[in-house]
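One point on numbering: in the UniProt record's numbering, the residue at position 150 of the sequence shown is 150, and numbering is uninterrupted. A quick write-up on the structure given underneath.
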Amino acid sequence: MVWNSFFKKSLNGDRIFVSLLVLLNVFLLLPGSGGNALLTQGDEAMHIATIRESLASSSYLFPKFEGVLNLYKPPALFWLGIFSDNLFGVSFFAERFPSFLLFFGSSVLIYLGIRRAGGSPKLAFAISSAYTLTLGVFKFSRLVMMESLLTFFIILVSVTILEFRLSKNRIWLLVGGFFSGIAILIKGPVFQVYSGIILGSYSIIGIFLLHSNGGWAGKKRIGKELLSHIIFHFSSLIVPAIWILVLLSYSELGKEFLTIFLFTENLGKFSAATANQSEWIIPIGFLLYSFPFSLAVFFGFYSKLFQKPKSLREVVGSSYLWAILTICLVHLAPNRKDFYYLLPLIPLAFLGIGLFFIRKKEYQFSKLLSLNYFFCFGVSALVLAAMWGFEILLGQNIWAELLFTVFLLLIFIWGRRIRAQKSGVPSTTALNLILAAGLLSYIQFSILPRVNLSEVPENGPFTSAKQICIVSENPWTALTFRNALPGAEIIHSVPGADRNCVDGVRYLVFFQEQVPIPSGYQLLQTQTVWKRDVTLKELLSPTQGKEYVYFYEPSRNKNSELESR
Numbered sequence: 001m002v003w004n005s006f007f008k009k010s011l012n013g014d015r016i017f018v019s020l021l022v023l024l025n026v027f028l029l030l031p032g033s034g035g036n037a038l039l040t041q042g043d044e045a046m047h048i049a050t051i052r053e054s055l056a057s058s059s060y061l062f063p064k065f066e067g068v069l070n071l072y073k074p075p076a077l078f079w080l081g082i083f084s085d086n087l088f089g090v091s092f093f094a095e096r097f098p099s100f101l102l103f104f105g106s107s108v109l110i111y112l113g114i115r116r117a118g119g120s121p122k123l124a125f126a127i128s129s130a131y132t133l134t135l136g137v138f139k140f141s142r143l144v145m146m147e148s149l150l151t152f153f154i155i156l157v158s159v160t161i162l163e164f165r166l167s168k169n170r171i172w173l174l175v176g177g178f179f180s181g182i183a184i185l186i187k188g189p190v191f192q193v194y195s196g197i198i199l200g201s202y203s204i205i206g207i208f209l210l211h212s213n214g215g216w217a218g219k220k221r222i223g224k225e226l227l228s229h230i231i232f233h234f235s236s237l238i239v240p241a242i243w244i245l246v247l248l249s250y251s252e253l254g255k256e257f258l259t260i261f262l263f264t265e266n267l268g269k270f271s272a273a274t275a276n277q278s279e280w281i282i283p284i285g286f287l288l289y290s291f292p293f294s295l296a297v298f299f300g301f302y303s304k305l306f307q308k309p310k311s312l313r314e315v316v317g318s319s320y321l322w323a324i325l326t327i328c329l330v331h332l333a334p335n336r337k338d339f340y341y342l343l344p345l346i347p348l349a350f351l352g353i354g355l356f357f358i359r360k361k362e363y364q365f366s367k368l369l370s371l372n373y374f375f376c377f378g379v380s381a382l383v384l385a386a387m388w389g390f391e392i393l394l395g396q397n398i399w400a401e402l403l404f405t406v407f408l409l410l411i412f413i414w415g416r417r418i419r420a421q422k423s424g425v426p427s428t429t430a431l432n433l434i435l436a437a438g439l440l441s442y443i444q445f446s447i448l449p450r451v452n453l454s455e456v457p458e459n460g461p462f463t464s465a466k467q468i469c470i471v472s473e474n475p476w477t478a479l480t481f482r483n484a485l486p487g488a489e490i491i492h493s494v495p496g497a498d499r500n501c502v503d504g505v506r507y508l509v510f511f512q513e514q515v516p517i518p519s520g521y522q523l524l525q526t527q528t529v530w531k532r533d534v535t536l537k538e539l540l541s542p543t544q545g546k547e548y549v550y551f552y553e554p555s556r557n558k559n560s561e562l563e564s565r
């Protein structure tokens, strides 16, 4: 009954907007998922390698990486990748497709949350679409990273908490707690901290509520809130308890996994061996991955954080914003930090801010939308100017720049007409969304394919090699080749020790030209890649900031071919 009323209220009459949301996700987030023309993240290569090795060795309970059990990563991401590879066949697309579904699901959950709180279909669509068009979703929906699962489960738990606060039905606490328990297999016990903060933020606001005369109004709520937390966290222990029992029954290996999973990995972030990175990484990353709506999120967050809530849904929205701030402070404590650590909280920010916009007068957020439009347009113009200079310097085709220039001119004319005619918030909202979609499309379909220079050839005789040795200082380079050429046996050697694999049988890959060429080998082909930390001076040099990867084949392979003729 509860489930039926929730979904009936959320989806009734919304088919057009939900369909548009589906199309937006499919056409913007799916293209490029199976290739390398995307914004990369270092850990993805290891995640893909773990999925494939675990599938090949049938090591499902304990995923493997390079012959060793991968005890330092929660297993849920690998299980999902193994299932997808089994379903679609081993490929980059198969391993990344679940990430697309999870981010799409996050957008839908934002839509459902806004609708459940009484927002119009247009408002729900605008906010969920804006989230879909953020840089964080654009990047991580094409990557095999834990953040896709973490993002989905944070917004899923948050929507169940929203439903509990609105309906007062504690069954939603059981449901939310159960989902929170599943998420332990994604992020470990840290997720319980996240979900506890999200649930507890509302409790703190309610308990410390004061009457206008200064009296304590929230005293009677302490018992109810404690009961809510007991129900939620008890429910969240069901899945972890079952999983722990399974692991403990798996001899000493299960105990070792739990020790590393629950303690070693998390405490390692505080290790003195890791330099204490700047605290600014966390908030800057939050705003970076909120782009092109960074300005709207920042001002919306700041203005609503200290605004006195006037309705139950605004209290929930305020609690979500305070929860984000609290979790941000939690992430400042460890030495290890990264820009994407708050990425999973971005949909919660959109939902929290959106709850304040329900049934508000248009003028209350028209200025915010206008400021964000100018910010996004300015950044788009800077990106275009940089690409004009880049293409002219390198002598490449500029048709894409011409098309995007025309697009920005049309957007500029439309924006001026909206201001002149005072068309209102709906037009300004559409302007922001279309500008964001245009910019991200330009990046995906034009910029990334041209600036991405893969180390692995897409064609040529090297792609059919069965035994390969990668000679490089970075061992993770071999992972890139191993993932791109799953049918080949690939080993790694550091420079100076390459004689260990120069056996006249393996193909060789060097990241610097070999003079003389190794005995028994001949140069097969070269591949152009960007230098590390390219400067403007290097871009203007004859090399244009590029260097070569050298591929050598055994001479006897060539001689065998000639003899066979």
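Beta carbons are placed, not taken as given, at the ideal position from N, Cα and C, and that holds for glycine. Here the structure is a predicted model, which means the values were calculated and not measured.
Remark: C-beta atoms of residue 555 and residue 521 approach each other more closely than 8 angstroms.
The residue among 398, 358, 400 with its C-alpha nearest the C-alpha of residue 117 is 358. Between the alpha carbons of residue 544 and residue 512 lies a distance of about 17 angstroms. Listed as beta-bridge partners of residue 122 by DSSP are no residues whatsoever. The C-alpha of residue 235 is placed about 8 angstroms away from the C-alpha of residue 175. For residue 546, the CB contacts under 8 angstroms within the same chain, skipping 5 residues up- and downstream, are 453, 528, 529, 530, 531 in chain order. For the set 85, 433, 96, 206, the Cα lying nearest the Cα of residue 31 is the one of 96. Cα atoms of residue 72 and residue 188: separation of roughly 10 angstroms, rounded to the nearest angstrom. DSSP places residue 548 inside the beta strand (DSSP E), whose first and last residues are 546-554. In the structure shown, residue 525 falls within a strand segment according to DSSP collapsed to helix, strand and coil. Residue 110 places its beta carbon less than 8 angstroms from that of residue 131. Within the same chain, and ignoring the five residues on either side of residue 165 in sequence, the residues whose Cβ sits closer than 6 angstroms to its Cβ are 316.
As computed with DSSP, residue 507 is found in a beta bridge with 468.
For residue 34, same chain residues with a beta-carbon under 8 angstroms away, outside a window of 5 residues either side, are 91, 92, 93, 96 in chain order.
Judged by their CB atoms, residue 120 and residue 82 are not nearer to each other than the 8 angstroms cut-off. Of the other Cβ atoms in all chains shown, 16 or more fall within 10 Å of the Cβ of residue 436; this residue is therefore buried. Closest option to residue 257, judged by alpha-carbon separation, among 485, 69, 495: 69. Contact annotation: residue 152 and residue 106 have beta-carbon atoms nearer than 8 angstroms. With a 10 Å radius around the Cβ and a threshold of 16 neighbouring Cβ atoms, residue 163 comes out buried.
When DSSP states are grouped into helix, strand and coil, residue 167 belongs to the helix group.
Counting only unbroken stretches of 4 or more residues, the alpha helix (DSSP H) elements lying wholly within the region 416-501 are 425-442, 448-451, 476-484, in sequence order.
In the three-state reduction of the DSSP assignment, residue 530 falls in the strand class. In this structure residue 231 touches residue 173 by the C-beta definition: roughly 5 angstroms separates them, less than 8 angstroms.
In the displayed model, residue 68 falls within a strand according to three-state DSSP.
Uninterrupted beta strand (DSSP E) stretches at least 3 residues long and entirely within the region 123-154 do not occur. Here residue 286 really is in contact with residue 342; their C-beta atoms are around 4 angstroms apart, less than 8 angstroms. In the three-state scheme derived from DSSP, where H, G and I count as helix and E and B as strand, residue 61 is classed as coil. If you ignore the 5 residues before and after residue 192, its C-beta comes within less than 8 angstroms of the C-beta of 180, 184, 233, 236, all in its own chain and listed in chain order. Counting only runs of 4+ residues, the alpha helix (DSSP H) found wholly inside the region 6-54 occupies 15-29, in chain order. Going by DSSP, residue 87 is part of the alpha helix (DSSP H) stretching over 76-88. Shown here for residue 85: same chain residues with a beta carbon closer than 8 angstroms to its own, the five before and five after excluded, namely 51, 52, 55, 91, 94, 95 in chain order.
In this structure, the straight-line span from the alpha carbon of residue 391 to that of residue 455 is close to 21 angstroms. Taking a contact as a CB-CB distance under 8 angstroms, the pair residue 201 and residue 323 counts as one, their CB atoms being some 4 angstroms apart. Boundaries of the alpha helix (DSSP H) around residue 324: 312-332. Our two residues, residue 386 and residue 306, have alpha carbons roughly 39 angstroms apart in a direct line. Shortest Cα-Cα distance from residue 169 to any of 136, 125, 227 involves 227.
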